[in-house]
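Colleague: Per this note's numbering, residue 3 is the first one in the sequence shown, and the count goes up by one each step. Glycine residues also receive a C-beta, built at the ideal position from the N, C-alpha and C atoms. The model shown is predicted, which means the values in this text are computed figures rather than measured ones.
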Amino acid sequence: MTSLIETRALSKRYPGVLALDAVDFDLNPGEVHVLFGENGAGKSTLISMLAGANTPTSGEILREGVPVAFGSVADAQKAGVHTVFQEFSLVPTMTVAENIFLGHEPRIGPFINRAAMRRQARALFDDLDFPIDPDAPVAQLSRAQQQMVEIAKAFHGDLSILILDEPTASLTDREVDHLFRFIARLKEQGAGIIYISHRMQEFTRIADRITVLRDGARIGTVAMAETDEAALVEMMTGRSIPEIYPTIRHAPGASILSVSNLRTPGTTGLDFEVYPGEVLGVAGLVGSGKSRAFRAVMGLAPRLGGTVHFKGEDMSAATPRAMIGAGAYYLSPDRKSEGLDLAATANANLTVNLVMGAPPGRLGLIDRRAARAGCTEIAGRVELSPDYRAKRISQLSGGNQQKVLFGKAFAQKVDLYIFDEPTIGVDMGTRAALYLLIRDLAEAGKAVVVISSDLPEAMNLSHRLLVFSNGRISAQLGGDDIREDRVLKSFFDEESQSA
Numbered sequence: 003m004t005s006l007i008e009t010r011a012l013s014k015r016y017p018g019v020l021a022l023d024a025v026d027f028d029l030n031p032g033e034v035h036v037l038f039g040e041n042g043a044g045k046s047t048l049i050s051m052l053a054g055a056n057t058p059t060s061g062e063i064l065r066e067g068v069p070v071a072f073g074s075v076a077d078a079q080k081a082g083v084h085t086v087f088q089e090f091s092l093v094p095t096m097t098v099a100e101n102i103f104l105g106h107e108p109r110i111g112p113f114i115n116r117a118a119m120r121r122q123a124r125a126l127f128d129d130l131d132f133p134i135d136p137d138a139p140v141a142q143l144s145r146a147q148q149q150m151v152e153i154a155k156a157f158h159g160d161l162s163i164l165i166l167d168e169p170t171a172s173l174t175d176r177e178v179d180h181l182f183r184f185i186a187r188l189k190e191q192g193a194g195i196i197y198i199s200h201r202m203q204e205f206t207r208i209a210d211r212i213t214v215l216r217d218g219a220r221i222g223t224v225a226m227a228e229t230d231e232a233a234l235v236e237m238m239t240g241r242s243i244p245e246i247y248p249t250i251r252h253a254p255g256a257s258i259l260s261v262s263n264l265r266t267p268g269t270t271g272l273d274f275e276v277y278p279g280e281v282l283g284v285a286g287l288v289g290s291g292k293s294r295a296f297r298a299v300m301g302l303a304p305r306l307g308g309t310v311h312f313k314g315e316d317m318s319a320a321t322p323r324a325m326i327g328a329g330a331y332y333l334s335p336d337r338k339s340e341g342l343d344l345a346a347t348a349n350a351n352l353t354v355n356l357v358m359g360a361p362p363g364r365l366g367l368i369d370r371r372a373a374r375a376g377c378t379e380i381a382g383r384v385e386l387s388p389d390y391r392a393k394r395i396s397q398l399s400g401g402n403q404q405k406v407l408f409g410k411a412f413a414q415k416v417d418l419y420i421f422d423e424p425t426i427g428v429d430m431g432t433r434a435a436l437y438l439l440i441r442d443l444a445e446a447g448k449a450v451v452v453i454s455s456d457l458p459e460a461m462n463l464s465h466r467l468l469v470f471s472n473g474r475i476s477a478q479l480g481g482d483d484i485r486e487d488r489v490l491k492s493f494f495d496e497e498s499q500s501a
């Protein structure tokens, strides 16, 4: 079988950095070939060259056995290679339909046929079962909806090779199901899909083969039917799964957060306690209300009723500023929109939290020497390389951005940490480092809440686990009762139960 696309000893060198080291890779017709590896492993570098966004330093790319040199993304698209990058390429001031057909607009003579454009866009979204209005301006769409538009753009046109870089990061479970069904149809038509994701639970659903990269080099290629999660983690990191999740000593104190009959839009009747010295896990399907509940606790979402007591004080009507001032910290799952200033450096992002609430220096000015020392201490704590501290956040990998987000939490006096999807879009090696930070906080007597859609993460880190279903807490599990069968059953239980 002739490969749809193949690389031979493909390398990319930047000044002082070998980003990709003589990598061999091939994609067959009718298969999903997963690229798996940590941030910085070389995945993005490889696909950028296959997509025409980058040029190799050495080696070659073959399209159906014929050497090719893509000078641009447009060149690659002419050859049938379409890519959905992790960073969106949409024009926010244009409509959805205009974005999809940009550069390929249907015409009547010299004029754009806008009716045909809207009609074809609507048919495409109906086919994908994505609820998107083709006439909506992109700027008004949520991140998940923008992700759907990016995917639809790739499916429009002459497509034989589809490259998807973290396509499900912003999608609900239902939308993921629709995407996977469409991928299955593309496979039946003989298309090949290169798929990048950190979500290993997705691989068993769609992957035929998996190639693992580490430090720019190819570690190996395995058939999905002949491997498992533990083997993939070890290939990727050189460590086994038990080494990824740390043992966290459990020494809970008196309740620090007490929530009674909390009601928000989409949730009702929520009762729970959070204790210092333990990790409280929160699990549930997308849309179950697990994030909404804790955003309401922080004052970030409307509270329709109930009470919130924090450190003995009634904070039922408290603003986010008041909750932060009282010693609560919320780490947002959307670091780009809510957590970080992308145009500022890592040091500047850390400095904001260091000086917020800190006593002023001489003459009422910021003590910059103390701020620099604080940045250095925090960056070392989250294992952020000195090379990255002066770079803009937008130039850092997802894993390093997440380290800065965690670092901001350590720049203030905090007694309650609420980590909402703390490892979304983060590789397993960075996860292991972040898990150690969570362990250190809990063992230092801090109260830690971990809200996660990654079930192994929620189960392995938690001393107690709240399971959300349809806006309610369907189970409160502890110790040996935190078992996968019980958690999965509780995902679909509407009546409250406890163990």
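1) Note down, in chain order, each residue of its chain lying with its Cβ closer than 7 Å to the Cβ of ARG120, except the 5 sequence neighbours on either side.
2) What is the DSSP secondary structure of ILE440, reduced to helix, strand or coil?
3) So, is GLN147 buried or exposed, given that buried needs 16 or more other C-beta atoms within 10 angstroms?
4) Is it buried or exposed, ASP26, if we count other Cβ atoms within 10 angstroms and call 16 or more buried?
5) Is there contact between the region 40-48 and the region 98-115, where contact requires at least three CB pairs shorter than 8 Å?
6) Quick check for students: name the residue ranges of the alpha helix (DSSP H) that lie wholly in the region 150-215, counting only runs of 4 or more.
7) Would you say the region 463-475 touches the region 427-436, given that touching needs at least three Cβ pairs under 8 Å?
8) CA-CA distance, PRO58 and GLU231?
9) Could you check where the beta strand (DSSP E) with ILE7 kicks off and where it finishes?
10) Helix, strand or coil, according to DSSP, for PHE493 in the structure here?
11) Could you round the C-beta distance between ILE258 and PHE312 to whole angstroms and report it? I think they count as a contact, below 8 Å.
12) Could you check which residue in ASP343, SER334, VAL406 has the C-alpha nearest to that of VAL512?
13) Can you tell me the Cβ-Cβ gap for TYR331 and ILE420, rounded? I've got them flagged as a contact below 8 Å.
14) State whether the region 220-229 contacts the region 447-461, with contact taken as three or more CB pairs (one from each stretch) at a distance under 8 Å.
15) Please classify VAL507 as buried or exposed, where buried requires at least 16 neighbouring CB atoms within 10 angstroms.
16) When you compare the CB of ILE475 with every CB in chain D, is at least one pair closer than 8 Å?
17) At 3 residues or longer, what runs of the beta strand (DSSP E) sit wholly inside the region 36-75?
18) Going by the DSSP bridge assignment, what does GLN142 pair with across the sheet?
19) Give a yes or no on whether the C-beta atoms belonging to GLY39 and MET238 are separated by under 8 Å.
20) Straight-line CA distance for ASP417 to GLU33?
21) Suppose you measure from the CA of VAL75 to the CA of GLY54; what does that come to, to the nearest Å?
22) By the DSSP assignment, the beta strand (DSSP E) with VAL452 in it spans what residues?
23) Are there 16 or more other CB atoms within 10 angstroms of the CB of GLU497, so buried, or fewer, so exposed?
24) Can you tell me which of the three DSSP states TYR419 falls into?
25) Looking at C-beta atoms only, is the number of pairs between the region 381-397 and the region 341-353 that lie closer than 8 Å three or more?
26) Taking 8 Å as the threshold (C-beta atoms), are GLY307 and MET461 in contact?
27) Counting only the same chain and skipping the five closest in sequence on each side, list residues whose C-beta sits under 7 Å from that of ARG109.
28) Considering just the uninterrupted stretch of the beta strand (DSSP E) at ASP28, what are its terminal residues?
29) Looking only at its chain, what residues have a beta carbon closer than 7 Å to the beta carbon of ILE484, apart from the 5 residues adjacent to it on each side?
30) Looking at ILE212: is its Cβ nearer than 8 Å to the Cβ of VAL224?
31) Can VAL86 and ILE134 be called in contact, C-beta distance under 8 Å?
32) In its own chain, which residues sit with a C-beta less than 8 Å from the C-beta of MET96, not counting the 5 before and 5 after it?
33) By how many angstroms is the C-alpha of ALA324 removed from the C-alpha of LEU365?
34) Could you tell me which residues DSSP pairs with TYR332 in its beta bridges?
35) Are VAL288 and ASP179 touching if we call contact CB-CB under 8 Å?
36) Hey, quick one: how far does the alpha helix (DSSP H) through SER389 stretch, first residue to last?
Modeller: Answer, in terms of the structure:
1) Hits under 7 Å: ALA99, PRO136, ASP137.
2) helix
3) buried
4) exposed
5) Touching, no.
6) 175-190, 205-208
7) Contact between the region 463-475 and the region 427-436 is absent, because fewer than three Cβ pairs lie under 8 Å.
8) So the alpha carbons of these two residues sit roughly 31 Å apart.
9) 7-16
10) helix
11) Confirmed, about 7 Å.
12) In the structure as shown, the chain starts at 3 and stops at 501, and residue 512 therefore has no counterpart that could be examined.
13) Separation of the CB atoms of TYR331 and ILE420 is rounded to 7 Å, and the pair is thereby assigned contact status at 8 Å.
14) no
15) The structure shown does not extend to residue 507, since the chain is modelled only from 3 through 501, so no value can be given for it.
16) The displayed structure is made up of one protein chain only, and chain D is not part of it.
17) Qualifying beta strand (DSSP E) stretches, in chain order: 60-65, 68-70.
18) Note: GLN142 sits in no beta bridge, so no partner.
19) yes
20) 49 Å
21) 4 Å
22) 449-453
23) Residue confidence for GLU497 is low, a pLDDT of 44 falling below 50, so the modelled location carries little weight; the figure read from the coordinates is stated next. Under this definition GLU497 is an exposed residue.
24) strand
25) yes
26) no
27) ASN115
28) Where ASP28 is concerned, the enclosing beta strand (DSSP E) stretches over 19-29.
29) The residues MET461, SER464, LEU467, in chain order, have a CB closer than 7 Å to that of ILE484 in the same chain once the five nearest residues on each side in sequence are set aside.
30) yes
31) no
32) LEU104, PRO139, VAL140
33) Residue confidence is low: LEU365 scores 48 on pLDDT, short of 50, so the model does not pin down where it sits. Its coordinate-derived value is still stated next. Counting only the Cα atoms, ALA324 lies some 27 Å from LEU365.
34) ILE420
35) no
36) The sequence shown places Asp at residue 389, not Ser. Segment 388-391, the alpha helix (DSSP H) holding ASP389.
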